[in-house]
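These notes concern the structure reproduced below.
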Amino acid sequence: MKILVTGGAGFIGSNFIHYWLKKYLADSIVNLDALTYAGNLENLCDLENNQNYQFVKGDICDTGLVNEIVKDIDLIVHFAAESHVDRSIMDSGDFIRANVEGTRVLLDAAKNNGQIRFHHVSTDEVFGSLRPNDKPFNEKTAYDPRSPYSASKAGSDHLVRAYFHTHKLPITISNCSNNYGPCQFPEKVIPLFITNLLENKKVPVYGEGKNVRDWIYVDDHNAGVDAIIKKGKIGETYCLGGDSELTNLALTKKILELMDQGEDMIEYVADRPGHDLRYAMDYTKAKQELGWEPKVNFADGLLKTIAWYKHNKVWWQNIKNGKYLEYYKKNYSKR
Ligand code: NAD
Ligand code: TYD
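Counting in full-length UniProt numbering, the sequence shown runs from 1 upward without gaps.
Structure representation (structure tokens):
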């Protein structure tokens with residue numbers, strides 16, 4: 001199979017490319033990524049000489065380029081997106097463009113080039129916010145996005161399903177909870193807190209830290225995407241979750257404990273506007289239909305993640321001081 005991965009220089013996409021090329025030796029991957037602030041070719045530098053891997057710098061909104069690339073593609077796995085809620089609160093323009101219009105361009109290219117199989121990677125945030133005792137989200141939960149980010153992802157999900165119903169495009173969708181693991185950009189809470197502590201800086205907890213997220217190790221998410229691609233039913237959506245609900249304060253205390261730091265390193269800061277209280281996922285459908293479930297328990301995954309950031313200081317220091325932008329510009333110009 002020849003696969004187009006979009007957004008493969010980002011956190012989940014780069015982990016997906018490593019996961020896939022290691023498991024499916026006969027497949028090849030074309031990675032289309034615009035290298036926004038969140039794209040980092042260092043995530044993939046070990047693949048530079050891999051015959052089954054090709055990088056194309058480009059925007060998913062570029063119709064001509066996308067149509068050219070998909071000509072000999074068998075499957076599109078669509079990760080590319082603007083992904084950070086706080087940025088979407090400051091300015092939502094890029095989110096609508098990349099997440100909605102970009103998805104539309106890819107869907108049209110898939111439709112117009114022989115109905116290419118299309119898997120769309122989405123988020124639990126499209127379902128809105130749960131109260132403490134509400135049942136977790138499932139595939140039948142009504143959409144209720146509440147941040148510009150989740151609204152843009154909801155728009156993309158609706159478009160993907162519309163192309164299935166209207167154009168019979170062979171699609172699937174996954175909605176997954178909060179990922180963590182290696183190569184996550186240190187603006188998201190887990191890598192931000194780990195790297196701050198490694199720099200002896202405090203960790204900023206929004207509000208009182210009562211908001212709840214469900215955490216999944218990135219490889220478990222990608223194994224779920226794999227299961228959907230291989231065994232999922234066309235036209236269907238699958239919820240993926242990590243079975244690890246934690247308040248932000250409990251998460252913070254866990255990170256502090258594992259890094260031998262005290263609670264004096266917590267700094268309570270102003271809450272995020274419209275901060276969703278709780279996300280949780282019921283992944284019964286994926287378990288029953290695909291035999292998928294998360295394998296990495298949170299304590300192990302967090303330890304592995306902390307170890308990765310400890311051993312890859314240059315990776316995140318280059319991001320925090322902006323040097324990674326020079327790195328990928330230099331590397332890209334070689335291609
Ligand atoms: P990320 O921000 O780390 O990476 C996004 C990648 O997309 C970057 O490499 C960026 O350069 C690229 N990109 C952005 N706009 C582009 C464009 N117009 N054209 C081409 N490339 C573009 O994001 P992530 O955390 O890896 O998330 C990947 C996908 O998974 C997103 O669709 C996100 O909504 C979804 N998701 C993320 C999480 C999570 O916890 N991070 C959870 C569920 C779903
Ligand atoms: P984040 O990693 O941005 O993911 P999302 O908003 O997509 O769930 O944030 C996870 C949780 O951590 C969320 O409830 C907001 C909170 N948070 C903080 O308390 N402090 C921070 O500095 C950040 C970035 C997030």
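We treat Cβ as the ideally placed atom computed from N, Cα and C, and that holds for glycine.
Keep in mind the model is a prediction, meaning the values are calculated, not measured.
Please report how far the alpha carbon of residue i lies from the alpha carbon of residue j, in whole angstroms.
{"i": "residue 297", "j": "residue 212", "result": "17 Å"}
{"i": "residue 285", "j": "residue 238", "result": "7 Å"}
{"i": "residue 150", "j": "residue 82", "result": "10 Å"}
{"i": "residue 26", "j": "residue 144", "result": "41 Å"}
{"i": "residue 192", "j": "residue 252", "result": "11 Å"}
{"i": "residue 288", "j": "residue 8", "result": "29 Å"}
{"i": "residue 315", "j": "residue 280", "result": "31 Å"}
{"i": "residue 322", "j": "residue 165", "result": "44 Å"}
{"i": "residue 137", "j": "residue 14", "result": "27 Å"}
{"i": "residue 107", "j": "residue 79", "result": "13 Å"}
{"i": "residue 24", "j": "residue 47", "result": "15 Å"}
{"i": "residue 295", "j": "residue 220", "result": "6 Å"}
{"i": "residue 59", "j": "residue 104", "result": "13 Å"}
{"i": "residue 135", "j": "residue 64", "result": "44 Å"}
{"i": "residue 214", "j": "residue 126", "result": "14 Å"}
{"i": "residue 336", "j": "residue 302", "result": "This structure gives no information on residue 336, because the portion of the chain shown stretches from 1 to 335."}
{"i": "residue 326", "j": "residue 42", "result": "11 Å"}
{"i": "residue 244", "j": "residue 169", "result": "34 Å"}
{"i": "residue 118", "j": "residue 271", "result": "37 Å"}
{"i": "residue 183", "j": "residue 241", "result": "20 Å"}
{"i": "residue 334", "j": "residue 309", "result": "Here residue 334 scores only 41 on pLDDT, less than 50, and its place in the model should not be relied on; the value that follows carries that caveat. Rounded to whole angstroms, residue 334 to residue 309 spans 28 Å at the Cα level."}
{"i": "residue 174", "j": "residue 109", "result": "20 Å"}
{"i": "residue 210", "j": "residue 189", "result": "14 Å"}
{"i": "residue 1", "j": "residue 313", "result": "36 Å"}
{"i": "residue 89", "j": "residue 154", "result": "16 Å"}
{"i": "residue 311", "j": "residue 304", "result": "11 Å"}
What are the boundary residues of the beta strand (DSSP E) that residue i is part of?
{"i": "residue 134", "result": "Looking at the DSSP string, residue 134 is not in any beta strand (DSSP E), and its letter there is neither H nor E."}
{"i": "residue 76", "result": "75–78"}
{"i": "residue 240", "result": "237–240"}
{"i": "residue 19", "result": "No beta strand (DSSP E) contains residue 19, which is instead part of the alpha helix (DSSP H) from 11–23."}
{"i": "residue 4", "result": "2–6"}
{"i": "residue 117", "result": "117–123"}
{"i": "residue 246", "result": "245–247"}
{"i": "residue 57", "result": "53–57"}
{"i": "residue 174", "result": "171–176"}
Mark residue i as exposed unless 16 or more other C-beta atoms lie within 10 angstroms of its C-beta, in which case mark it buried.
{"i": "residue 132", "result": "exposed"}
{"i": "residue 5", "result": "buried"}
{"i": "residue 197", "result": "buried"}
{"i": "residue 176", "result": "buried"}
{"i": "residue 100", "result": "buried"}
{"i": "residue 269", "result": "exposed"}
{"i": "residue 77", "result": "buried"}
{"i": "residue 10", "result": "buried"}
{"i": "residue 307", "result": "exposed"}
{"i": "residue 157", "result": "buried"}
{"i": "residue 120", "result": "buried"}
{"i": "residue 93", "result": "exposed"}
{"i": "residue 234", "result": "exposed"}
In its own chain, which residues sit with a C-beta less than 7 Å from the C-beta of residue i, not counting the 5 before and 5 after it?
{"i": "residue 236", "result": "172"}
{"i": "residue 187", "result": "84"}
{"i": "residue 407", "result": "With the chain represented from 1 up to 335, any question about residue 407 goes unanswered, as that position is not in the structure."}
{"i": "residue 129", "result": "146, 276, 277, 278"}
{"i": "residue 167", "result": "111"}
Following the continuous alpha helix (DSSP H) through residue i, name the residue where it begins and the one where it ends.
{"i": "residue 191", "result": "189–198"}
{"i": "residue 105", "result": "102–112"}
{"i": "residue 305", "result": "298–311"}
{"i": "residue 220", "result": "218–231"}
{"i": "residue 149", "result": "148–167"}
{"i": "residue 68", "result": "63–69"}
{"i": "residue 36", "result": "Per DSSP, residue 36 belongs to no alpha helix (DSSP H) and is neither H nor E."}
{"i": "residue 266", "result": "Segment 266–269 is the beta strand (DSSP E) holding residue 266; no alpha helix (DSSP H) there."}
{"i": "residue 85", "result": "85–90"}
Spatial neighbours of residue i within its chain, please: C-beta separation below 6 Å, excluding the five flanking residues on both sides.
{"i": "residue 292", "result": "224, 227, 286"}
{"i": "residue 255", "result": "193"}
{"i": "residue 142", "result": "none"}
{"i": "residue 55", "result": "31"}
{"i": "residue 18", "result": "none"}
{"i": "residue 152", "result": "95, 96, 99, 100"}
{"i": "residue 44", "result": "14"}
{"i": "residue 202", "result": "265, 267"}
{"i": "residue 290", "result": "227, 231"}
{"i": "residue 339", "result": "Because the chain in this structure spans residues 1 to 335, residue 339 falls outside the shown range and cannot be described."}
Just to check, is the beta-carbon of residue i closer than 8 Å to a non-hydrogen atom of the ligand FMN?
{"i": "residue 272", "result": "Because the ligand FMN does not appear in the structure shown, any question about it cannot be addressed here, the ligands present being the ligand NAD and the ligand TYD."}
Once the 5 residues before and after residue i are set aside, which same chain residues still bring their CB inside 8 Å of it?
{"i": "residue 336", "result": "The requested residue 336 is not part of the displayed model; the chain covers only 1 to 335."}
{"i": "residue 205", "result": "248, 249, 252, 266, 267, 268, 269"}
{"i": "residue 21", "result": "27, 29, 47, 50, 52, 53"}
{"i": "residue 3", "result": "20, 27, 28, 29, 30, 73, 74, 75, 76, 77"}
{"i": "residue 319", "result": "40, 185, 186"}
{"i": "residue 263", "result": "253, 256"}
When you compare the CB of residue i with every CB in chain B, is at least one pair closer than 9 Å?
{"i": "residue 283", "result": "Looking for chain B here will not work: only one protein chain is present."}
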